[in-house]
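Worksheet: one structure, shown below.
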Amino acid sequence: MRTTLDTLYRLAGALAAVGMIATLVMVTTGIVTRPLGIYLRGTDDYAGYAMAACGFLALAYTFKHGEHIRVTLLIDRIGGSVQRVLQWVALLIGTGVSGALAWYSLRLAWQSHAFGDISQGVDATPLWIPQLALAIGATVFLIAMLDDLVMTTLGRPCARLANAGQEPARME
Amino acid sequence: QTTWDMPTPYPATNFHTENIQQFANDVASATAGQLKITVHPGGALFKGPEIKRAVQAGQAQIGELLISSLANEDAMYALDTVPFLATSYAESAKLWSVSRSAVEARLAKHGLKLLFTVPWPPQGIYSKSAVAAMGDFKNMKIRSYSPTVARMIELMGGQPVTVQAADLTQALATGVVSANITSSSTGYDSKSWEQLSHYYDVQAWLPKNMVFVSQKVFDGLDAGTREALLKAAAAAETRGWQVSEEKTAWYVDQLKKNGMQVLPPSDALRADLKKVGDTMTAEWLERAGADGKSVLDAYRAAQ
Amino acid sequence: MDLMVAGLLLLVMLVLLASGVWIGLSLIAVGALGMLMFTSRAPGDGMAVAIWGIGSSWTLTALPLFLWMGEVLFRTKLSENMFRGLAPWVERLPGRLLHANILGCTLFAAVSGSSAATCATIGKINLPELERRGYPTSLALGTLAGAGTLGLLIPPSIIMIVYGVSADVSIAKLFIGGVLPGLLLAGLFMGWVIVWSLLNPDKIPAGEGRTAFIDKLRASWGLMPVVLLIGAVLGSIYTGVATATEAAALGVIGAFIIAAAQGSLTRESFFASLMGATRLYCMIGLILGGSAFLTLAMGYIGLPRHLAEWISGLGLSTGWLLVALTVFFILLGCFLDGISVVVLTMAVLLPTIQTAGIDPLWFGVFVVVVVEMAQITPPVGFNLFVLQAMTGRQITEVARYALPYFLLMCAAVICLYTFPGLVTWLPGKMIG
Ligand code: NA
Ligand code: NA
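Residue numbers (the working numbering), protein chains in the order written: chain Y, 5 to 176; chain U, 213 to 515; chain C, 1469 to 1900.
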């Protein structure tokens, strides 16, 4: 189970990284083709979709690295069982909000499909396709939140993705 | 008492937005405050591309949109941007009267009810250098923002370059693009004389904004309020068309006053642009099918 | 009524943040609660539209790319070289290398249109170096938080574009108008570092001694890659090769070229920079998304509009009007990001500004400085978030370090009011 979940988070993270590369490629293509007199339709719109894939698919991956920020001043100050309860409450609220985000993101893509909503730019992309990145990313984020909520409820430590082979990005 | 949220894409000072604010005030006074429309200009609530779906899905009750921004959905929405088909206010009004029911039918399929439309002043060509004939557009980088504009630039021999609104000023100033096709009002609003020197008043087309309401929300109003709303909409349409036409000359004057060379197209250029228009009318017909043909036939008969 | 609504939402936000709920999710929760309690509209679908809208918008693409550029540069020898290059020149100023932070941000601000990207990039390069040399954390983080905001005032600037469009002011003039105030702020920050260092001489690590001019020049050779990179990015913008948004992509490619030339571009460093940038962008993106939805909720509730209408209706003199607006923007800036503040209020405020006879160009630069303050005020301040993510320190701690720079920005606002020429003189020299 642990391996499956971690693989899911890593896979979403890898797809997000592909989104980052695609953003770079799309924007660069726009710059390079201009002086060559080539007109590629919609590179700027595709760059936007690629960026969306990057940001949304990485939600769980970033969360599981402990890099979504929050104020832990209070949680750190108080110890023992009160701390665990507060941690649990924060996770419960987080699960609720990310649950809503996942549900309405799925609805967004579904409605776009039902309305036949098409991008108004020159790309003319059916919007439900790029919006799947938000729907999937938010759903995996919800799974990661539930993962931590269950672990905390059971009194077990929350799993974090190992940061192997990486130099410390932090100042401390 | 009912309150509606109305997202609109253009800034509060634009004449379209001012007209809509007047419409909202009229509705409020005609219904003795029973229907209050809160206008959210400048994309404050929803950005332009989100407004249609926001009304469809019920996040807003009423909204404003450039009709041709829906051109990817259906060719009928692109009719008022076919270049050189209707180039004056009178022609534009005729074109609208023969195509209105077709646009309404398409909106109805999405649960939307059209209230009124207001045209932008005619579209002209802004450039950094003099353009005497079609050949001068050869390889010129011209800003494109929609499939129709891109196609027109290609047919003119220029190179379409997509530039987003946010980047436009800088793109014009630094030569990412050296020409732009838009109305005299937009050219005035964006102070185009700071980057460009020539304005060719070619009157390519008069794009229109439309104000639409969710059919379901509209049906939920009582008969008196519905009537008051439609009356205010009709008044807004008349007023909007009038203001747009009256202001056109003023905008062109302002361009001149700020040192821009405002010129009519040369006869050769006009003839060549007309050919581009004919090609694009034919292409539009191909896309729009039988519906398109009957609308176009009706327009030609009316002329 | 409005005061009660504002107070209640504020309270809910503080409780959520204090209980350790992730910041982006807290913003979403407050927005949803506000809509459920004070409007008849359902929050769910609007939330998805708002978050999708900001997450896929073209203007934002510069942000992840600039963050990636920073991650690549951080893994090159550039960080060392930048210090070796700048050090001899600021060595004799009290505060020494802290000035490298401010100068680095000022330089980078001329490349980047955003405050968060400026803060993240210079922070990634400079913080480890300052830490290693034993500079006090309070000043290292404070100067970075403060000077990072220059990304908004020194052109190119995303927020100036937004203001220019909504207030109908020439964006080119706004850009030029931001230059002198930007340099003024950088000067104020450096002045403060000098004063602080003279008062606390023992807290600043010893310098490396005097260097001969020729050695200074030789050390500055290490700055060449940075100068070339800035030249490439700025050059591409001003020669029309790329737009201000696109230039970020050239920055990433340039950073890769520098890394390759220095032999530090390996498979590992490539993937480390890629994944690091992805996570950093995702972190900022979630908060931006939450902020976008909170803005939508505020638009429905009408709170900023009502407050702006109320201020407009007070009939204040020009001076007091500006004081009231400064307080108003600082308060809004505590909870919303700068662009949202501008979009939500400008339609209502602009007529008041014009009636009071305030030059909209001057007002634009004034708004940008006040929005810069918003980047370093808790609970919602993007530079604070960036530094929290980078150092793992509490946002309250970082905010405390940033306080002097907030006060210096207040002083800058007074300067701009007293000497409006700081804003209007350069644009006046432009033709047209
Ligand atoms: Na900048
Ligand atoms: Na703030």
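Backbone N, C-alpha and C define an ideal beta-carbon position, used for all residues, glycine too.
For the stretch 1738 to 1754 of chain C, the set of residues with a beta-carbon nearer than 9 Å to any beta-carbon of chain Y comprises Phe1739, Ala1740, Leu1742, Met1743, Gly1744, Ala1745, Thr1746, Arg1747, Leu1748, Tyr1749, Cys1750, Met1751, Ile1752, Gly1753, Leu1754, in chain order. Legend: CB atoms of the stretch 108 to 119 of chain Y lying less than 8 Å from CB atoms of chain U belong to residues Gln115, Ser116, Phe119.
Secondary structure of tryptophan 1689/C (DSSP, three-state): helix.
Under the DSSP definition of a beta bridge, threonine 215/U partners with Lys248/U. By the neighbour-count criterion, in which a residue is buried when 16 or more other Cβ atoms sit within 10 angstroms of its Cβ, phenylalanine 1761/C is buried. The three-state secondary structure of threonine 11/Y, taken from DSSP, is helix. The stretch 345 to 363 of chain U makes no contact with the stretch 1661 to 1677 of chain C; the number of CB pairs closer than 8 Å stays below 3. Note on geometry: alpha-carbon atoms of alanine 383/U and asparagine 392/U lie some 11 Å from one another.
According to DSSP, glutamate 276/U shares a beta bridge with Val423/U. Around the beta carbon of lysine 264/U, a 10 Å sphere encloses 16 or more other beta carbons of the protein chains shown; the residue is thus reported as buried. In this structure, arginine 1552/C lies near glycine 1690/C, with their beta-carbon atoms less than 8 Å apart. Scanning its chain for C-beta atoms nearer than 7 Å, with the 5 sequence neighbours on each side dropped, one finds around threonine 493/U the residues Val294, Leu297, in chain order. Per the coordinates, the alpha-carbon of methionine 218/U lies some 44 Å from the alpha-carbon of aspartate 479/U. With respect to the C-alpha of serine 1759/C, the residue from Val1579/C, Thr1859/C, Ala1516/C having the closest C-alpha is Ala1516/C. The straight-line gap separating the alpha-carbon atoms of arginine 1564/C and leucine 1607/C is approximately 12 Å. With 16 or more neighbouring CB atoms inside 10 Å of its own CB, serine 1741/C falls in the buried class. Residue-level contact by beta carbon holds for glutamine 382/U and chain C, with a gap shorter than 8 Å. DSSP places arginine 363/U in the helix class (H, G or I) of the three-state scheme. Comparing C-alpha distances from leucine 1775/C to each of Gly1787/C, Gly1614/C, Ser1785/C, Val1795/C shows the shortest one belongs to Val1795/C. In the DSSP assignment, isoleucine 122/Y forms a beta bridge with Pro130/Y.
At a Cβ-Cβ threshold of 8 Å, glycine 1832/C and alanine 1842/C do not count as neighbours.
Taking 8 Å as the CB threshold, aspartate 217/U lines the interface with chain C.
Those residues of the stretch 384 to 417 of chain U placed with their C-beta closer than 7 Å to a C-beta in chain C are Ala385, Thr386, Gly387, Val388, Asp401, Lys403, Trp405, Glu406, ordered along the chain. When the Cα atoms are used, aspartate 484/U and lysine 443/U turn out to be separated by approximately 43 Å. Identification of residues in the stretch 58 to 86 of chain Y having a C-beta nearer than 9 Å to some C-beta of chain C yields Cys58, Gly59, Phe60, Leu61, Ala62, Leu63, Tyr65, Thr66, Phe67, His69, Glu71, His72, Ile73, Arg74, Val75, Thr76, Leu77, Leu78, Ile79, Asp80, given in sequence order. For the set Asp80/Y, Gly41/Y, Leu63/Y, the Cα lying nearest the Cα of serine 102/Y is the one of Leu63/Y. Look at glutamine 135/Y: its C-beta is not under 8 Å from any C-beta on chain U.
The DSSP-derived three-state label of phenylalanine 258/U is coil.
Residues of the stretch 246 to 266 of chain U with a Cβ closer than 9 Å to any Cβ of chain C, in chain order: Thr250, Val251, His252, Pro253, Gly254, Gly255, Ala256, Leu257, Phe258, Lys259, Pro261, Glu262, Arg265, Ala266.
Contact annotation: the stretch 1616 to 1628 of chain C touches the stretch 1639 to 1650 of chain C, with at least three C-beta pairs closer than 8 Å. Per DSSP, reduced to three states, the secondary structure at histidine 410/U is strand. In the structure shown, the three-state DSSP call for leucine 158/Y is coil.
The Cβ atoms of leucine 1575/C and isoleucine 1698/C lie closer than 8 Å to each other. Of the candidates His252/U, Trp308/U, Lys325/U, Ala320/U, the residue whose Cα lies closest to the Cα of valine 423/U is Lys325/U. Taking all protein chains in view, the Cβ of methionine 1658/C is crowded by 16 or more other Cβ atoms within 10 Å, so the residue is classified as buried. At a cut-off of 8 Å between beta-carbon atoms, valine 315/U makes no contact with chain C.
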